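What follows is a short report on a single structure.
Numbering (the working numbering), first residue to last: 4 to 498.
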């Protein structure tokens, strides 16, 4: 017996109770999951942010001057102020840092405090204005090694930064602590920069996540009440119709149809109340995106995007509870159509012409007049653009880039390839190709940026078309990247 038939045999009150428990219970489970995920993601984002702050601060330390601070009378001297000044400016830009210090770690003997930004009067004033007190750390005094701190030293000696996954608390507050190594010109580990990041902003973000979850739960509660009442009314009307149907068969058939129609309407009407949850999360997301200081709300936006996407997923699940009718789901935006692949190549080259001209790169082509195929034009254009822009990006000024398009002899495939004049790729670099976020040894020759995503995008597009990608390269002789896509017979008009 189908679920809808089981539901139809319940009394109106029982049906209303079942609907309420299913909708609100499901919402509670989903929202609890979302909250746990949001809090976990927020913590991970915070740890990564504090780790980045420590690395950035370490890059500002003049190691040679720092290592020259070995006598107590140097406290406040010119060399001390010179090394400390960049760290003070850095903390002014990041006031959520409560403590910023450096520690010397000799091969033998105790660790010693060296620099401490709280010795700067402006820093102390700024932190007091934020409601935070500070202890002054003694210059060149031993730095007690805590249990958590002891874990950091082996990591720092390898040249990697370290962040404590546990919250550190003392009489002045709670912090997330991160450390980044200081390495001298001889590539020897000599100490580290420490950052204690105050958690007041973190708690504020968690409260905002909780508020979003509370609002969503209230909406889910209201939705559950409305749907339970609707189910009760539908069931009651159906029962009235069935009682009337005992007197007349034809009327009973019509009443049964009305009942089924009302149940279908009830299940269909789930879309509107659930849209309130999706809309509220989207409203919160838009409000956060409108805040000018994007550095503050970036992590919030990611959390709200998760809530928004998950609530949309919950909408898809809940809409199928009361009805066995199929509902509409969004699919992958993959829309193949007949197109002229040669024209796509020409448009891609025209788009990248200005970049080639700036570097005085000659682009030579071997492209047929037309080549009609059935692919997704938007995705194919993006794949071609990644190959061409990469070739221009990694080729030196005054060089040549060769672009070709044609059918592969003896195979029902079309191949697009780009030969650059770059430095070529080693075996190690070639093994990393077409993966996400991979940084290779070659660097752009004109100061361009690289995300490490372009080739992975090309691979994904190729796989969507059941095609393949590859690279042929030798160090010092450039690289040839190719994209092959399966086709049937070339469409009429192909040359």
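The C-beta atom is built at its ideal place from N, Cα and C for all residues, glycine as well.
None of the values given here were measured: they were computed from a predicted structure.
Taking each of 468, 429, 438, 490 in turn and checking the Cα distance to residue 477, the smallest one comes out for 429. Here residue 27 really is in contact with residue 224; their C-beta atoms are around 6 Å apart, less than 8 Å. Closest by C-alpha distance to residue 185, out of 64, 229, 78, 148, is 64. Here residue 369 carries a strand assignment [DSSP, helix/strand/coil]. Listed in chain order, the non-local C-beta contacts of residue 387 below 7 Å within the same chain comprise 347, 348, 351, 419, local neighbours out to five positions each way being set aside. In terms of Cα proximity to residue 470, the closest of 341, 282, 379 is 379.
Put simply, of 288, 409, 85, 394 the residue whose alpha carbon is nearest the alpha carbon of residue 488 is 409. The C-alpha of residue 415 lies about 48 Å from the C-alpha of residue 51.
In this structure the region 57-77 touches the region 163-182; the number of beta carbon pairs closer than 8 Å is three or more. Counted as a single uninterrupted DSSP element, the alpha helix (DSSP H) harbouring residue 354 occupies residues 344-354. In the three-state reduction of the DSSP assignment, residue 384 falls in the helix class. Spatial neighbours of residue 490 in its own chain (CB-CB distance under 7 Å, excluding positions within 5 residues in sequence) are listed in chain order as 376, 415, 416, 417.
In the DSSP assignment, residue 142 falls outside any alpha helix (DSSP H), carrying neither H nor E. Judged by DSSP secondary structure, residue 86 falls within the alpha helix (DSSP H) whose first and last residues are 81-96. Each residue's CA atom was taken as its position, placing residue 18 and residue 231 some 8 Å apart. A Cβ-Cβ distance of about 16 Å is found for the pair residue 343 and residue 382, leaving them out of contact under the 8 Å criterion. Fewer than three beta-carbon pairs drawn from the region 79-88 and the region 174-183 are found closer than 8 Å, and the two stretches are therefore not classed as touching. Shown here, residue 182 sits in a strand according to DSSP, grouped into three states. Counting along the chain, the unbroken alpha helix (DSSP H) around residue 67 starts and ends at 66-71. Each of 102, 29, 384, 156 was checked against the Cα of residue 339, and the nearest Cα belongs to 384. Residues of the same chain with a CB within less than 8 Å of the CB of residue 228, apart from the 5 flanking positions on each side, are 23 in chain order. Scanning 308, 111, 119 for the CA closest to the CA of residue 88 turns up 119.
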